[in-house]
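Each step along the sequence shown adds one to the number in our numbering, with nothing skipped, and position 11 is 11.
All C-beta atoms, glycine included, are put in the ideal place defined by N, C-alpha and C.
All values reported here derive from a predicted model rather than from experimental measurement.
Heads up: the structure comes next, in structure tokens.
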Amino acid sequence: MADNKKIQIPRLKLGNQGLEVSKLGFGCMGLTGVYNAPLSAVDGIAILIDAFNKGITFFYTADVYGSHANEVLVGKDGVSEMVVGVLGGGQLGRMLCQAASKMAIKAVILDPLENCPASALSYDHMNGSFDDSAAVQEFAKRCGVLTVEIEHVDVTTLEELEQQGVDCHPKASTIRIIQIDDFEGARRAGDLFGYPLMIKSKRLAYDGRGNAVAKSEEELSSAATALRGFDRGLYVEKWAPFVKVNV
């Protein structure tokens, strides 16, 4: 009868965002064979599910136990029924998947590259373009929440999905603000975000490439021209001032 009694595991609040974790944690070292022969994935997942059902939500993992091995087990053990869909599987997507796996959240990605950076750490990878409306529509069917790791997405499709009840973060309306098609759109963005205003090309823009700065409304046209014009597809970012500190 003792086995049937509900175990009450004390919980601890993390920060001020409403997150909680069990005070008692589960060390995953034994799953991948540090002190013993490694367990099969099936047995390891069964143990993790049992620990979770007993109230444990803190699973301790480390690369020294096997590079990402524990994270993959925790991410695939069915602990969380939430599936987060990520449009894009680049470096940011990889970091998102890694963080999600440590929280027992299933992160699935949509990316056309079979061996994209996020593929190895995602719960699942659907091959397809994140700016292909049909592919995004199909991908969204398997997701509880849809997010992006890249701005080059089809906003119209996201708007349609939201109308169908799909939970998108950020909202399509937010992404549409930064995607500009003409001077008037750029001017509205300048009114909203202020100047200087960072203007970027939607394609092949990264790490300083494909960017132009408009210091005033009068410089919007010249900045767009430097990026081959509004027809190329542009988006904007609010200027983020910072101070360089020498340590």
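query, result
"Does DSSP classify T98 as helix, strand or coil?", "The sequence shown places Gln at residue 98, rather than the Thr named in the question. In this structure, Q98 counts as helix in the three-state DSSP scheme."
"Look at G15 and I56 and say whether their C-beta atoms are less than 8 Å apart.", "no"
"Can you find at least 3 beta carbon pairs, one from the region 169 to 184 and one from the region 112 to 131, that sit closer than 8 Å?", "no"
"Specify, as a first and last residue, the run of the beta strand (DSSP E) that R11 falls within.", "11 to 14"
"To the nearest angstrom, how far is the alpha carbon of L87 from that of H125?", "10 Å"
"Compare the C-alpha of A120 against each of R142, G144, G90 and name the closest.", "G90"
"What residue range does the beta strand (DSSP E) around T157 cover?", "Segment 155 to 163 is the alpha helix (DSSP H) holding T157; no beta strand (DSSP E) there."
"Quick check: the region 131 to 143 against the region 211 to 223, are there 3 or more CB pairs under 8 Å?", "no"
"Touch check for the region 196 to 203 and the region 219 to 227: three-plus C-beta pairs under 8 Å?", "yes"
"Please report the straight-line C-alpha distance between V34 and V72, rounded to a whole angstrom.", "17 Å"
"Are the C-beta atoms of Y123 and some chain D residue less than 8 Å apart?", "Protein chain content of the structure displayed is limited to a single chain, and chain D is not contained in it."
"Using C-beta distances below 8 Å, list every residue in its chain close to R187, excluding the 5 sequence neighbours before and after it, in chain order.", "E217, L220"
"Between the C-alpha atoms of A172 and K244, what's the straight-line distance to the nearest angstrom?", "34 Å"
"Could you tell me the alpha carbon to alpha carbon distance between S101 and I180, rounded to whole angstroms?", "35 Å"
"Where do the ends of the alpha helix (DSSP H) carrying V108 lie?", "Taken as a continuous stretch (DSSP letters only), V108 belongs to no alpha helix (DSSP H), being part of the beta strand (DSSP E) at 106 to 111."
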